[in-house]
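See structure below.
Protein chains: 2
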Amino acid sequence: MEWKVDRQSNKPLYQQVFDFIEQKISYGEFPLGTLLPSERKLAERLNVNRMTIVHVYDKLHAVGLVERKRGSGTRVSTHKWGVLSKGSTNWRRYVEGSTFLPTYPLIKRIREAAKQLENGFDLASGELSSDLFPSQLLQSSLVDESFPNDLSYEHPQGHLGLRETLSAYVKTNYNIKTTSSSILITSGAQQALYLITQCLLSPGDAVAIESPSYCYSLPLFQSAGLRIFGLPVGPNGINPKDIEDLYHKHQIRMVFLNPTYQNPTGTVLTDTRRKEVIEIAERLGIPIVEDDPFGLLSFKEEKHSPIKSFDYNGNVLYIGSLSKVVASGLRIGWLIGPQSVISRLADARQQMDFGLSIFPQLIANQFLQSADYTTHRKALTQELLDRRNTMISALHEILGEKVSFISPNGGLHIWCKINQKISDEKLVEEGIKNNVLFMPGSVYGFPDGYVRFTYARLEKKHIKDAVLRFSDILSRI
Amino acid sequence: MEWKVDRQSNKPLYQQVFDFIEQKISYGEFPLGTLLPSERKLAERLNVNRMTIVHVYDKLHAVGLVERKRGSGTRVSTHKWGVLSKGSTNWRRYVEGSTFLPTYPLIKRIREAAKQLENGFDLASGELSSDLFPSQLLQSSLVDESFPNDLSYEHPQGHLGLRETLSAYVKTNYNIKTTSSSILITSGAQQALYLITQCLLSPGDAVAIESPSYCYSLPLFQSAGLRIFGLPVGPNGINPKDIEDLYHKHQIRMVFLNPTYQNPTGTVLTDTRRKEVIEIAERLGIPIVEDDPFGLLSFKEEKHSPIKSFDYNGNVLYIGSLSKVVASGLRIGWLIGPQSVISRLADARQQMDFGLSIFPQLIANQFLQSADYTTHRKALTQELLDRRNTMISALHEILGEKVSFISPNGGLHIWCKINQKISDEKLVEEGIKNNVLFMPGSVYGFPDGYVRFTYARLEKKHIKDAVLRFSDILSRI
Ligand SMILES: Cc1ncc(COP(=O)(O)O)c(C=O)c1O
Ligand SMILES: Cc1ncc(COP(=O)(O)O)c(C=O)c1O
Numbered sequence: 000m001e002w003k004v005d006r007q008s009n010k011p012l013y014q015q016v017f018d019f020i021e022q023k024i025s026y027g028e029f030p031l032g033t034l035l036p037s038e039r040k041l042a043e044r045l046n047v048n049r050m051t052i053v054h055v056y057d058k059l060h061a062v063g064l065v066e067r068k069r070g071s072g073t074r075v076s077t078h079k080w081g082v083l084s085k086g087s088t089n090w091r092r093y094v095e096g097s098t099f100l101p102t103y104p105l106i107k108r109i110r111e112a113a114k115q116l117e118n119g120f121d122l123a124s125g126e127l128s129s130d131l132f133p134s135q136l137l138q139s140s141l142v143d144e145s146f147p148n149d150l151s152y153e154h155p156q157g158h159l160g161l162r163e164t165l166s167a168y169v170k171t172n173y174n175i176k177t178t179s180s181s182i183l184i185t186s187g188a189q190q191a192l193y194l195i196t197q198c199l200l201s202p203g204d205a206v207a208i209e210s211p212s213y214c215y216s217l218p219l220f221q222s223a224g225l226r227i228f229g230l231p232v233g234p235n236g237i238n239p240k241d242i243e244d245l246y247h248k249h250q251i252r253m254v255f256l257n258p259t260y261q262n263p264t265g266t267v268l269t270d271t272r273r274k275e276v277i278e279i280a281e282r283l284g285i286p287i288v289e290d291d292p293f294g295l296l297s298f299k300e301e302k303h304s305p306i307k308s309f310d311y312n313g314n315v316l317y318i319g320s321l322s323k324v325v326a327s328g329l330r331i332g333w334l335i336g337p338q339s340v341i342s343r344l345a346d347a348r349q350q351m352d353f354g355l356s357i358f359p360q361l362i363a364n365q366f367l368q369s370a371d372y373t374t375h376r377k378a379l380t381q382e383l384l385d386r387r388n389t390m391i392s393a394l395h396e397i398l399g400e401k402v403s404f405i406s407p408n409g410g411l412h413i414w415c416k417i418n419q420k421i422s423d424e425k426l427v428e429e430g431i432k433n434n435v436l437f438m439p440g441s442v443y444g445f446p447d448g449y450v451r452f453t454y455a456r457l458e459k460k461h462i463k464d465a466v467l468r469f470s471d472i473l474s475r476i
Numbered sequence: 000m001e002w003k004v005d006r007q008s009n010k011p012l013y014q015q016v017f018d019f020i021e022q023k024i025s026y027g028e029f030p031l032g033t034l035l036p037s038e039r040k041l042a043e044r045l046n047v048n049r050m051t052i053v054h055v056y057d058k059l060h061a062v063g064l065v066e067r068k069r070g071s072g073t074r075v076s077t078h079k080w081g082v083l084s085k086g087s088t089n090w091r092r093y094v095e096g097s098t099f100l101p102t103y104p105l106i107k108r109i110r111e112a113a114k115q116l117e118n119g120f121d122l123a124s125g126e127l128s129s130d131l132f133p134s135q136l137l138q139s140s141l142v143d144e145s146f147p148n149d150l151s152y153e154h155p156q157g158h159l160g161l162r163e164t165l166s167a168y169v170k171t172n173y174n175i176k177t178t179s180s181s182i183l184i185t186s187g188a189q190q191a192l193y194l195i196t197q198c199l200l201s202p203g204d205a206v207a208i209e210s211p212s213y214c215y216s217l218p219l220f221q222s223a224g225l226r227i228f229g230l231p232v233g234p235n236g237i238n239p240k241d242i243e244d245l246y247h248k249h250q251i252r253m254v255f256l257n258p259t260y261q262n263p264t265g266t267v268l269t270d271t272r273r274k275e276v277i278e279i280a281e282r283l284g285i286p287i288v289e290d291d292p293f294g295l296l297s298f299k300e301e302k303h304s305p306i307k308s309f310d311y312n313g314n315v316l317y318i319g320s321l322s323k324v325v326a327s328g329l330r331i332g333w334l335i336g337p338q339s340v341i342s343r344l345a346d347a348r349q350q351m352d353f354g355l356s357i358f359p360q361l362i363a364n365q366f367l368q369s370a371d372y373t374t375h376r377k378a379l380t381q382e383l384l385d386r387r388n389t390m391i392s393a394l395h396e397i398l399g400e401k402v403s404f405i406s407p408n409g410g411l412h413i414w415c416k417i418n419q420k421i422s423d424e425k426l427v428e429e430g431i432k433n434n435v436l437f438m439p440g441s442v443y444g445f446p447d448g449y450v451r452f453t454y455a456r457l458e459k460k461h462i463k464d465a466v467l468r469f470s471d472i473l474s475r476i
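For the record, the sequence lines run as chains A and B. Numbers 0 to 476, taken from numbering that gives the first Met the number 0, label the letters of the first sequence in order. Numbers 0 to 476, taken from numbering that gives the first Met the number 0, label the letters of the second sequence in order.
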């Protein structure tokens with residue numbers, strides 16, 4: 000419910016709320032029988048006095064728009080305007096009947112709080128702050144004579160020009176050798192993960208993912224009916240031998256890894272281990288999904304060759320994204336793999352959404368080829384390094400022994416262990432109340448007592464205050 | 000395989016093809032064990048002499064890159080470069096294990112032919128020709144100071160500004176009353192249909208769709224395990240009583256309709272029948288999905304109020320799209336329905352692709368609000384009417400009694416019955432050979448002997464020649 004009361008208006012507040020709900024009912028947006036929020040909840044959401052809502056519900060009841068039943072709340076009347084009862088779809092049966100699981104409530108709660116946050120500290124959203132997006136550069140890449148006239152449905156694998164640019168890009172930046180026909184342009188890394196879980200796996204299949212892992216935060220693994228087994232992540236990433244063990248114990252059919260500046264731990268899988276992973280995958284014949292959105296965000300001269308760069312037998316599906324290096328709202332990602340797999344996934348994607356819009360593809364293509372891009376990336380990593388340093392100093396100074404963490408050498412996140420017994424949910428709720436947001440470890444499949452701080456989303460000058468605020472709530476619990 | 004031989008190059012053709020395949024193998028794009036196309040097929044695809052390919056395969060075999068087994072064709076060697084056999088994922092098991100069905104071969108064949116068509120006639124692709132896309136106007140709507148700096152992940156339902164513009168747009172153009180919180184912006188109508196089949200229905204559910212219908216061309220209905228029942232389409236659309244019959248016989252749980260300038264028949268459901276449909280839906284409590292991409296493409300002063308405009312109880316999920324009115328490559332569509340359903344589908348979409356790119360949403364928002372849009376739409380319908388008239392005259396003049404059809408009053412398509420016994424597949428193949436493409440009725444769930452001609456994709460001056468070419472192949476079969 001984005002609607003807000005207008006405090007400048009001459010219309011009384013209760014009248015505004017009444018009109019709003021009446022409109023929703025008469026437009027069919029709240030069908031017959033819809034359960035309205037409790038008076039307390041609605042008052043909180045709209046930030047008005049509870050008595051105002053009591054007044055509104057009384058009036059809605061008086062005119063016959065809603066019904067009240069003891070213990071079951073207030074519902075849109077099935078005898079609207081006194082007219083004879085008409086049928087209406089029981090939408091709840093449709094919505095709840097599906098196997099597609101909703102986003103975890105705790106994540107939803109944090110995301111909604113982040114959208115509404117004003118004058119607070121967002122250490123939760125895993126993306127860049129808006130001042131880091133190269134908005135002007137992207138716009139200027141559009142104002143170009145090369146703007147196409149042909150705006151038809153695209154090739155199922157995406158715009159050919161962008162695929163060609165990307166095949167040069169992954170060669171230069173990652174030493175990955177591929178051709179445009181083995182690349183699928185996706186709506187971020189997210190869509191690549193979705194396509195893989197939907198089209199290459201079946202309900203009941205066992206898969207291995209890192210523990211903790213971004214993938215645990217995605218109900219789509221559960222929705223697809225997959226059985227999930229964890230590969231513990233240490234300071235040097237996962238232990239390749241664990242893959243072998245899981246294979247023998249549970250016949251895992253696929254392994255999902257985020258080897259560089261892993262989300263949420265910030266760790267890097269060592270080169271030796273990368274080679275072991277590929278050797279095991281080849282020996283056992285199980286594919287590796289290498290999810291690599293942070294690979295280029297390195298604070299040192301170090302360069303980590305993706306597992307894909309050691310893959311000569313087509314065992315690795317490599318996922319890249321511009322979300323963390325350019326802008327998450329651009330929605331450009333890619334998947335590289337054997338041609339037969341890529342064309343199968345492209346076909347499925349075609350059925351789901353008929354492909355990506357041509358516009359972000361053109362923008363990305365122009366931008367990646369321009370000198371601006373290199374300049375942008377250098378400035379970006381420098382700024383992220385500054386923010387990381389500020390964050391680390393603040394954590395040491397303010398929280399000291401209360402937390403433990405390893406300083407990441409790239410990426411957006413710091414993974415912190417809290418050295419006291421704590422309930423994730425309480426901590427999050429207290430954070431929301433005090434306008435400091437962060438991600439609890441439980442979201443990534445970990446026990447209570449860990450948090451992920453994103454230092455990329457906050458301007459440097461606010462970082463210390465954010466840590467102070469966090470320290471406050473921690474000491475209060 | 001988009002790759003083509005370079006006939007200008009000094010490198011011999013067989014060497015070009017050899018290098019290409021060797022590269023694919025060494026990059027892992029053709030994993031160990033991959034079946035290569037037959038010599039004949041590859042020669043056809045690359046448009047080279049078959050002996051060239053024989054030569055290439057011989058050399059690949061000689062260096063140990065491929066193996067040949069009698070009766071099972073040529074495969075990438077599992078003993079590559081004489082190195083000890085290494086394992087490799089059996090991708091075929093992954094690709095074929097999924098329940099997600101591939102696009103129907105006949106549709107795929109026509110789409111690929113359309114992409115490669117040069118100097119031919121495309122009466123198959125259901126979209127506008129590129130001269131009708133308002134490319135310049137869209138570009139100029141981007142070059143605007145209102146270009147945003149915030150390129151973060153969007154609201155799960157899509158850009159608020161565009162949703163507000165759309166709620167005014169559907170009020171003005173369709174008399175649909177809604178608010179921004181009951182709109183979900185989608186990647187075309189296609190994604191709206193996908194979300195509905197995935198998130199509101201379960202395997203085994205029965206649904207009703209028009210016969211013939213665009214929906215039959217979508218394997219996603221089968222992939223979702225739905226049982227499909229047809230509602231025959233006459234000159235005035237479907238018969239509402241049939242919905243009731245199917246409900247009693249098969250407990251259908253949802254009805255999919257495309258009531259205005261229906262794809263493929265071009266027919267319009269009458270206003271009286273629209274009201275009957277809503278009355279039945281309310282009485283039985285089953286939802287109607289109203290797919291309406293052509294509603295504004297009317298050649299007469301007639302205006303058809305969508306079923307949604309009579310829906311006060313939230314029984315209709317309304318789908319709109321800019322694909323046929325602005326450009327299919329823009330990928331902007333929308334879904335309007337009860338708030339609880341919309342927010343559920345938005346959440347699922349978030350998991351699938353993390354939402355649409357901000358850029359097409361901004362472009363659409365600017366364009367819909369500009370005076371240019373009205374000008375564009377007027378010019379567009381005028382031009383479509385011209386093309387329809389040209390097409391109708393050509394059909395009468397050239398084919399006469401050989402075909403029967405009803406002239407559509409809007410939209411992009413003419414639905415033709417061929418008054419002789421004919422095999423759809425033969426007709427299509429003969430068409431592809433002779434560079435005239437069209438959609439056979441079987442794709443829309445109809446028996447052989449019907450074709451859909453799209454007059455929107457061909458410039459007016461080519462329409463008569465296209466019909467002549469079609470007449471040629473018809474008389475030859
Ligand atoms: C490891 C990882 N994979 C995938 C994604 C999805 O990103 P996008 O779809 O924006 O590329 C994220 C986003 O945070 C991530 O951290
Ligand atoms: C009836 C109908 N629905 C949906 C679509 C999908 O169109 P889009 O996703 O481009 O809006 C089409 C395309 O031809 C159509 O004809």
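Where a beta carbon is used, it is the ideal one built from N, C-alpha and C, also for glycine.
*asked:* I need the boundaries of the beta strand (DSSP E) containing H395 (chain A), first residue and last residue.
replied: First-last for H395 (chain A): undefined, no H or E at that position.
*Identify, in the order they occur along the chain, each residue of the same chain with its Cβ nearer than 7 Å to the Cβ of G444 (chain B), setting aside the five sequence neighbours on each side.*
Correct list, in chain order: S210, P211, S212, Y215 and G229.
*Distance, Cα to Cα, F293 (chain A) vs P11 (chain B)?*
One C-alpha to the other measures close to 43 Å.
*asked:* Just checking: is the beta-carbon of C415 (chain A) within a distance shorter than 7 Å of some beta-carbon in chain B?
replied: So, not an interface residue.
*Helix, strand or coil: how does DSSP classify N470 (chain A) here?*
What sits at residue 470 (chain A) in the sequence shown is Ser, not Asn. Assignment of S470 (chain A) by DSSP, reduced to helix, strand and coil, places it in the helix class.
*asked:* Judging by CA-CA distance, which residue of A:G336, A:W90 and A:L321 is the nearest neighbour of R330 (chain A)?
replied: With distances taken between Cα atoms, R330 (chain A) lies closest to A:L321.
*Cβ shell of M438 (chain B) (< 6 Å), same chain only, five flanking positions each side left out*: Only A123 and R451 meet the Cβ criterion.
*Where does S201 (chain A) fall in DSSP's three states?*
Here S201 (chain A) sits in coil by DSSP.
*Decide if S356 (chain B) is buried, meaning its Cβ has at least 16 other Cβ atoms within 10 Å, or exposed.*
Buried.
_Strictly below 7 Å CB to CB, what residues from chain B border W90 (chain A)?_
What W90 (chain A) touches in chain B: P337, S339 and V340.
*With hydrogens ignored, establish whether the beta-carbon of A205 (chain B) is closer than 6 Å to any heavy atom of ligand 1.*
It does not: the Cβ of A205 (chain B) is nowhere closer than 6 Å to a heavy atom of ligand 1.
*Compare the beta carbon distance of I318 (chain B) and L296 (chain B) with 7 Å and say whether it is the shorter of the two.*
It is not a contact, given that the beta carbons lie outside the stated cut-off.
_Reference P337 (chain B); option with closest CA among A:Q22, A:D5 and A:Q14_ = Closest by C-alpha distance to P337 (chain B), out of A:Q22, A:D5 and A:Q14, is A:Q22.
*Leaving out five residues on either side along the sequence, give the residues of the same chain with a beta carbon under 8 Å from the beta carbon of I277 (chain B).*
Closer than 8 Å at the Cβ level, and outside the excluded window around I277 (chain B), lie I287, I306, F309, D310, N314 and V315.
*For D455 (chain A) versus V435 (chain A), is the C-beta distance shorter than 7 Å?*
Here residue 455 (chain A) is Ala; the residue named in the question, Asp, does not match the sequence. In this structure, A455 (chain A) sits away from V435 (chain A), with a CB-CB distance that is not shorter than 7 Å.
*Roughly how far, in whole angstroms, is the beta-carbon of D352 (chain B) from the beta-carbon of G187 (chain A), given that I think they are within contact range, below 8 Å?*
A Cβ-Cβ distance of about 7 Å is found for the pair D352 (chain B) and G187 (chain A), placing them in contact under the 8 Å criterion.
*asked:* Is there a Cβ of chain B sitting closer than 7 Å to that of P305 (chain A), yes or no?
replied: Chain B, which has no Cβ nearer than 7 Å to the Cβ of P305 (chain A), makes this no.
*Contact residues within the segment 7-34 of chain A, judged by C-beta distance below 8 Å to chain B*: The residues in question are Q22, K23, S25, Y26, G27, E28, F29, P30, L31 and T33.
*Should Q350 (chain B) be flagged as near chain A, meaning a C-beta pair shorter than 7 Å?*
At least one chain A Cβ lies under 7 Å of Q350 (chain B).
*asked:* At a cut-off of 6 Å, would you count A347 (chain A) as near ligand 2, judging by its Cβ distance to the nearest heavy atom?
replied: Answer for A347 (chain A): no, Cβ out of range of ligand 2.
*Would you check if the segment 148-158 of chain B and the segment 161-174 of chain A touch, i.e. whether three or more CB-CB distances between them fall below 8 Å?*
Touching, no.
*Neighbour-count burial assignment, K377 (chain A), 16 or more Cβ in a 10 Å radius*: By the 10 Å Cβ count, K377 (chain A) comes out exposed.
*Quick one: Cα of E243 (chain A) to Cα of I279 (chain A), how far?*
Rounded to the nearest whole angstrom, the C-alpha separation of E243 (chain A) and I279 (chain A) is 7 Å.
*Could you name the residues that DSSP lists as bridge partners for Y449 (chain B)?*
According to DSSP, residue pairing for Y449 (chain B) in a beta bridge involves B:K416.
*Compile a chain-ordered list of the residues in the segment 187-198 of chain B whose CB is closer than 8 Å to at least one CB of chain A.*
Listed by position, the residues of the segment 187-198 of chain B near chain A (Cβ gap below 8 Å) are G187, Q189, Q190, Y193, Q197 and C198.
*Could you give the DSSP three-state label for F220 (chain B): helix, strand or coil?*
Of the three classes helix, strand and coil, the one that applies to F220 (chain B) here is helix, per DSSP.
*What does D244 (chain A) touch in chain B if you count any residue whose Cβ is under 8 Å from its own?*
Per Cβ cutoff of 8 Å: no residues; D244 (chain A) is ~18 Å from chain B at best.
*Starting from V288 (chain A), follow the beta strand (DSSP E) in both directions and report where the run begins and ends.*
I287 to D290 is the extent of the beta strand (DSSP E) around V288 (chain A).
*Who are the neighbours of A345 (chain B) on chain A, taking C-beta pairs under 7 Å?*
Those do not exist, as A345 (chain B) stays about 10 Å from chain A at its closest Cβ, beyond 7 Å.
*Check whether the Cβ of A188 (chain B) lies closer than 6 Å to any heavy atom of ligand 2, and answer yes or no.*
It does: the Cβ of A188 (chain B) is within 6 Å (strictly closer) of some heavy atom of ligand 2.
*Got a sec: does ligand 2 put a non-hydrogen atom nearer than 6 Å to the Cβ of G236 (chain B)?*
No.
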